[in-house]
Amino acid sequence: MEEIKMVNLKINGQDVSVPAGTTILDAARKAGIKIPTLCYLRDINAIGACRVCVVEVKGARSLVASCVYPVSEGMEVTTNSQKVIEARKTTVELILSDHDKNCLSCVRNQNCELQRLSEELGCDAKRFGGAVNTFDIDATTPYIVRDNNKCILCRRCVAACKNYQGLAIIGTNSRGFATHVGAAFDKDLADVPCVGCGQCINVCPVGALHEKEEIDDVIAALQDKSKYVIIATAPSVRIGLGEEFGYPIGSNVEGKMVTAMRKMGFNAVFDVDFAADLTIMEEGTEFINRLNNGGTLPMLTSCSPAWIKYVEHNYPDLIPNLSSCKSPQQMFGAICKTYYAEKLGIDPKDMVVVSVMPCTAKKFEKGRANQSAAGVPDIDIAITTRELAKLIRRFGLIFNELEEGKFDAPLGISSTAGLLFGATGGVMEAALRTLADVLEGKELDKIEYTAVRGTQGIKEAVVNIAGKDVKVAVASGLANAKVLMDKIRAGEADYHFIEIMSCPGGCVNGGGQPIKSAYERNNLDIKALRAGAIYAADSKSELRKSHKNPIIKELYDNYLGEPNSHKAHKILHTSYEARKKY
Amino acid sequence: MARIKISKVPFAGTPEQEKALDAKLAELKLVPGGLMPALQFAQELYGYLPIEVQTKIAEALDVSLEEVFGVATFYSQFTLSPRGKYQVSVCMGTACYVKGAGDLVDALKVKLGIESGECTDDGKFSLIETRCIGCCGLAPVMTVNSNVYGKVTTNQLDGIMAEYK
Ligand code: SF4
Ligand code: SF4
Ligand code: SF4
Ligand code: FES
Numbered sequence: 007m008e009e010i011k012m013v014n015l016k017i018n019g020q021d022v023s024v025p026a027g028t029t030i031l032d033a034a035r036k037a038g039i040k041i042p043t044l045c046y047l048r049d050i051n052a053i054g055a056c057r058v059c060v061v062e063v064k065g066a067r068s069l070v071a072s073c074v075y076p077v078s079e080g081m082e083v084t085t086n087s088q089k090v091i092e093a094r095k096t097t098v099e100l101i102l103s104d105h106d107k108n109c110l111s112c113v114r115n116q117n118c119e120l121q122r123l124s125e126e127l128g129c130d131a132k133r134f135g136g137a138v139n140t141f142d143i144d145a146t147t148p149y150i151v152r153d154n155n156k157c158i159l160c161r162r163c164v165a166a167c168k169n170y171q172g173l174a175i176i177g178t179n180s181r182g183f184a185t186h187v188g189a190a191f192d193k194d195l196a197d198v199p200c201v202g203c204g205q206c207i208n209v210c211p212v213g214a215l216h217e218k219e220e221i222d223d224v225i226a227a228l229q230d231k232s233k234y235v236i237i238a239t240a241p242s243v244r245i246g247l248g249e250e251f252g253y254p255i256g257s258n259v260e261g262k263m264v265t266a267m268r269k270m271g272f273n274a275v276f277d278v279d280f281a282a283d284l285t286i287m288e289e290g291t292e293f294i295n296r297l298n299n300g301g302t303l304p305m306l307t308s309c310s311p312a313w314i315k316y317v318e319h320n321y322p323d324l325i326p327n328l329s330s331c332k333s334p335q336q337m338f339g340a341i342c343k344t345y346y347a348e349k350l351g352i353d354p355k356d357m358v359v360v361s362v363m364p365c366t367a368k369k370f371e372k373g374r375a376n377q378s379a380a381g382v383p384d385i386d387i388a389i390t391t392r393e394l395a396k397l398i399r400r401f402g403l404i405f406n407e408l409e410e411g412k413f414d415a416p417l418g419i420s421s422t423a424g425l426l427f428g429a430t431g432g433v434m435e436a437a438l439r440t441l442a443d444v445l446e447g448k449e450l451d452k453i454e455y456t457a458v459r460g461t462q463g464i465k466e467a468v469v470n471i472a473g474k475d476v477k478v479a480v481a482s483g484l485a486n487a488k489v490l491m492d493k494i495r496a497g498e499a500d501y502h503f504i505e506i507m508s509c510p511g512g513c514v515n516g517g518g519q520p521i522k523s524a525y526e527r528n529n530l531d532i533k534a535l536r537a538g539a540i541y542a543a544d545s546k547s548e549l550r551k552s553h554k555n556p557i558i559k560e561l562y563d564n565y566l567g568e569p570n571s572h573k574a575h576k577i578l579h580t581s582y583e584a585r586k587k588y
Numbered sequence: 181m182a183r184i185k186i187s188k189v190p191f192a193g194t195p196e197q198e199k200a201l202d203a204k205l206a207e208l209k210l211v212p213g214g215l216m217p218a219l220q221f222a223q224e225l226y227g228y229l230p231i232e233v234q235t236k237i238a239e240a241l242d243v244s245l246e247e248v249f250g251v252a253t254f255y256s257q258f259t260l261s262p263r264g265k266y267q268v269s270v271c272m273g274t275a276c277y278v279k280g281a282g283d284l285v286d287a288l289k290v291k292l293g294i295e296s297g298e299c300t301d302d303g304k305f306s307l308i309e310t311r312c313i314g315c316c317g318l319a320p321v322m323t324v325n326s327n328v329y330g331k332v333t334t335n336q337l338d339g340i341m342a343e344y345k
């Protein structure tokens, strides 16, 4: 192995030794010194544009941007001299001079990197006057609001869309003072092939990008006594939510989350994990049928709505490869409004189903065609993890003091195979657990499929089930999905089954999850920490296979018949449509 | 200033132009950094860069339409509006400017309902501001295609424009 060359330097008088090629920013972090940043994001955005991260390097003519400047032998760096602090302060004050500084009503109030920098540097927000841009707010999609009046042109969203998703739907348009973030031909987001993943929201340091909130709809539904209001949470929500209340990343707060929702007055507090179990039954059966009857392979999972929209825009020729299964969110709503409404003797029109999702694209999905099993939309309101946290605060609940609650029966009962849906590889692992048992015709001890775990962008495995080699692949982040899709299109892929999640690392890192600052994103492996909480819960669980969920068995025995039955098809499956790009 | 104005003039590219662009793109897709030369070629070929042309470039070079648009709107050598049937240009050289060329431009913008560099939606008139065209004795000077008008005042504009109805 080639030896890594170490470089010795001094930062604020302290000796530091780091591998050659390290930036000053990273070297300083290693020495326990924090340098503020704004435009820099590890792995995706090192453009040296904002100059918030400047430091003094002895002998250099001017201050240097530490996020892109590599260390060299004998270098002497000062990160906190008066000169450096003044320069950063002026930079931020200039940004603030063309910024809609309405913090009090801003979605990012108290969770804003610009606000924090301004405070840390002691900025005078009104120091520089002059011209201010005014932009229309783009609220044309059901999922994202873009407010360029708050944009500081760090281009982190642009980098996320291009590098995580391989899409580059948004970029910087025009030049000079008129420069702004927008889509091609300054079209509305609703008129371009944006998939609604929300990764751009998650990296935005300020309030320029946020989900279209449905909080008021939830409150209105709760106040309408003629409605039976159900709430249910996706697997990743319990893993992310705690971060909004000061818990460390990777805390599972399921119990307190359930209690919080119950205290808000919902008629039932259910778990979308149940519908994930149901998805495994339907999707697993669909897969076996395709495998045995010469159906279109590889079969592609259909849980991730941004992924579905991506295929519809970019690979309409591969729509037949998509599983016809609705996503767990939609299956959940569909079962509520058919089976459960019948059981309760309630008109589905008088039922409101609220889903809590780590995802912004779910807001789009609920309005798709062919997602109304009972003649009314399967899901009425889809809120993000962040919106649930806001609701909890709005209701005045002291989250960390809440007792541990349990989901209601029956639709709150689930296996931890369903929980795995939150992490990349989880749907595949859950499916394999059930497929192996079903195809072998007996209960196997093998439960953990570690080959499909982990946060790598693309994973492959060959699993021998009942004497047959099943070749599977897993990808997260649409830039990675593209690699697999191009292979399929070119006829170069011999996979049988592929799981795709749009967000890097899967739903735990979804566009609706708590926003992490660049400092956290740059220094922690957030998706791995969150996924760890999922696998920890699964390893402690007694019920780890979807087909072993007693409520699932009951649902088929008493209502649906068998997986992929005619009735199951009517309620739990859907269709897709080719969409144009522009 | 919020949004960049996009011309509504229908695209009228010819099959010959399309063939020329295709040939150029086939060549450029093999080399890295082909976007700038592609845009320059297309700007020269069509006189502007409508969505039809930018889409073609995006597809050929395997970049997104926004990436093409971002570059096309960053450099002032590119334009998004076609040249009108009648190109109205006002000289903004020092002599003309001093004699009120700015007022002419302002009045034309109002009359035509467009900014400099744009074209009316019916494709008839486009408006540009030029550097000194060397007729300083006639300042302020404007031209409509190859016809030159000297010592123009704002009240003459209606009469001049009426010649091109
Ligand atoms: S983006 Fe940040 S600084 Fe700007 S208004 Fe919102 S909270 Fe305040
Ligand atoms: S939602 Fe996703 S696809 Fe749409 S602009 Fe943001 S990052 Fe790109
Ligand atoms: S929208 Fe947000 S992430 Fe994108 S450039 Fe503006 S401030 Fe940065
Ligand atoms: S230039 Fe280094 S963070 Fe922006």
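Order-wise, the sequence lines are chains P and B.
Per my numbering, the first sequence starts with residue 7, numbered consecutively.
Per my numbering, the second sequence starts with residue 181, numbered consecutively.
Ideal placement from N, C-alpha and C gives every residue a C-beta, glycine not left out.
Small disclaimer: the values here were computed from a predicted structure and weren't measured.
Check for me: the alpha helix (DSSP H) holding residue i runs from which residue to which?
i	result
K551/P	Run containing K551/P: none; DSSP gives neither H nor E here.
Q20/P	Premise fails: Q20/P lies in the beta strand (DSSP E), Q20 to P25, not in any alpha helix (DSSP H).
V61/P	Careful: V61/P lies outside any alpha helix (DSSP H), inside the beta strand (DSSP E) at V60 to V63.
Compare the C-beta of residue i against all C-beta atoms of chain P and say whether one is closer than 7 Å.
i	result
L244/B	Note that residue 244/B corresponds to Ser in the displayed sequence, not to Leu. S244/B counts as touching chain P.
M181/B	At M181/B the pLDDT is 46, less than 50, meaning the model places this residue with poor confidence; the figure from the coordinates comes in the next sentence. For M181/B, the answer is yes, since a Cβ of chain P falls inside 7 Å of its Cβ.
F127/B	Given a span of 181 to 345 for chain B in the structure shown, any question on residue 127/B remains unanswerable.
G213/B	no
F191/B	no
G250/B	yes
I294/B	no
Classify residue i as helix, strand or coil using the three-state DSSP reduction.
i	result
Y228/B	coil
A189/P	strand
M181/B	Note that M181/B scores 46 on pLDDT, short of 50, meaning its location in the model is unreliable and no value can be drawn from it.
A467/P	strand
C73/P	coil
H502/P	coil
I352/P	coil
K132/P	coil
Considering only C-alpha positions, which residue in the set the options is nearest to residue i?
i	options	result
A165/P	E247/B, Y228/B and A238/B	E247/B
N327/B	S187/B, Y266/B and T235/B	Y266/B
Q462/P	N376/P, T29/P and A537/P	A537/P
A436/P	P569/P, S581/P, A375/P and K554/P	K554/P
S378/P	R400/P, I398/P, T344/P and A543/P	T344/P
I236/P	S72/P, V264/P and N86/P	V264/P
T509/P	V212/P, I286/P and N169/P	In the sequence under discussion, the amino acid at residue 509/P is Cys, which differs from the Thr named in the question. That would be N169/P, whose Cα lies nearest to the Cα of C509/P.
Got a sec: is the Cβ-Cβ distance from residue i to anything in chain B below 7 Å?
i	result
N320/P	no
S103/P	no
D223/P	no
R604/P	The structure shown does not extend to residue 604/P, since chain P is modelled only from 7 to 588, so the question has no answer here.
E260/P	no
Y588/P	yes
F191/P	yes
Given 6 Å as the limit, tell me if residue i has its C-beta closer than that to any heavy atom belonging to ligand 1.
i	result
R114/P	yes
A108/P	Position check: residue 108/P holds Asn in this sequence, whereas Ala was assumed. Result yes, Cβ under 6 Å from ligand 1.
C316/B	no
G463/P	no
Should residue i be counted as a contact of ligand 3 given a C-beta to heavy atom distance under 6 Å?
i	result
I158/P	yes
V98/P	no
V187/P	yes
Over what stretch of residues does the beta strand (DSSP E) that includes residue i continue unbroken?
i	result
G177/P	I176 to N179
S361/P	M357 to M363
R161/P	Where R161/P is concerned, there is no enclosing beta strand (DSSP E), given that its DSSP letter is neither H nor E.
V290/B	Per DSSP, V290/B belongs to no beta strand (DSSP E); it is in the alpha helix (DSSP H), A281 to L292.
A543/P	A543/P -> not in any beta strand (DSSP E); alpha helix (DSSP H) instead, spanning I532 to S545.
E149/B	Outside the displayed range of chain B (181 to 345) lies residue 149/B, so it cannot be described from this structure.
Compute every distance between the C-beta of residue i and the non-hydrogen atoms of ligand 2, then say whether any falls below 6 Å.
i	result
L47/P	no
L102/P	no
Any chance the CB of residue i is under 6 Å from a heavy atom of ligand 4?
i	result
C73/P	yes
R527/P	no
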